[in-house]
């Protein structure tokens, strides 16, 4: 599996020098993931990282802002689960529910969504900020935690993806 930095270079989002600068900074900021550092340094956007993660994990990226969300479909998943897993249902055809989620590698989330909806869930990925915005607008729910909501949401997504990658590698 290609590393995130390699994918970002291939996509033209960063240069080798920018990646090296971020890797050097990462050595001094233990616990921070390369995606977080690249965003902090202003080299990439959250969307760049999510697109690269989508490529890395072979999950399609689907910007939520490109869709008008059907109210009926939106009510299929309880608001608590949407908040918990940062996901939004977009479409339902028969027993197939299309969902955008911030962390497409979270198998527990998919299982819980399938149990709650009695549907087979087809997963796409979107930025945590996009999903948070939809949930906030549709349900008038404030999604903030301590600090910047986008930063916290991004950290959750990045950490989950990396931890999942490590678990799969050790299997």
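Residue numbers (the working numbering): 1072 to 1242.
All residues carry an ideal CB built from backbone N, CA and C; glycine is no exception.
Only a predicted model underlies this, so the values are computations on that prediction, with no experimental measurement involved.
Classification of residue i by the beta-carbon crowding that lies within 10 angstroms, buried from 16 upward
{"i": "residue 1139", "result": "exposed"}
{"i": "residue 1087", "result": "exposed"}
{"i": "residue 1106", "result": "buried"}
Residue i CB to nearest heavy atom of the ligand ADP below 6 Å
{"i": "residue 1146", "result": "Annotation note on the ligand ADP: not contained in the displayed structure, which lists no ligands."}
Contact under 7 Å by Cβ, residue i with residue j
{"i": "residue 1092", "j": "residue 1109", "result": "no"}
{"i": "residue 1123", "j": "residue 1157", "result": "no"}
{"i": "residue 1147", "j": "residue 1131", "result": "no"}
{"i": "residue 1176", "j": "residue 1117", "result": "no"}
Length of the line joining the Cα atoms of residue i and residue j
{"i": "residue 1085", "j": "residue 1115", "result": "7 Å"}
{"i": "residue 1196", "j": "residue 1171", "result": "5 Å"}
{"i": "residue 1112", "j": "residue 1202", "result": "24 Å"}
{"i": "residue 1210", "j": "residue 1155", "result": "14 Å"}
Same chain, Cβ closer than 7 Å to residue i, neighbours up to 5 away in sequence not counted
{"i": "residue 1218", "result": "Low confidence applies here, because residue 1218 scores a pLDDT of 36, under 50, leaving its location unreliable; read the following figure in that light. None."}
{"i": "residue 1127", "result": "1072, 1073, 1075, 1078"}
Same chain, Cβ closer than 8 Å to residue i, neighbours up to 5 away in sequence not counted
{"i": "residue 1162", "result": "1141, 1144, 1168, 1169"}
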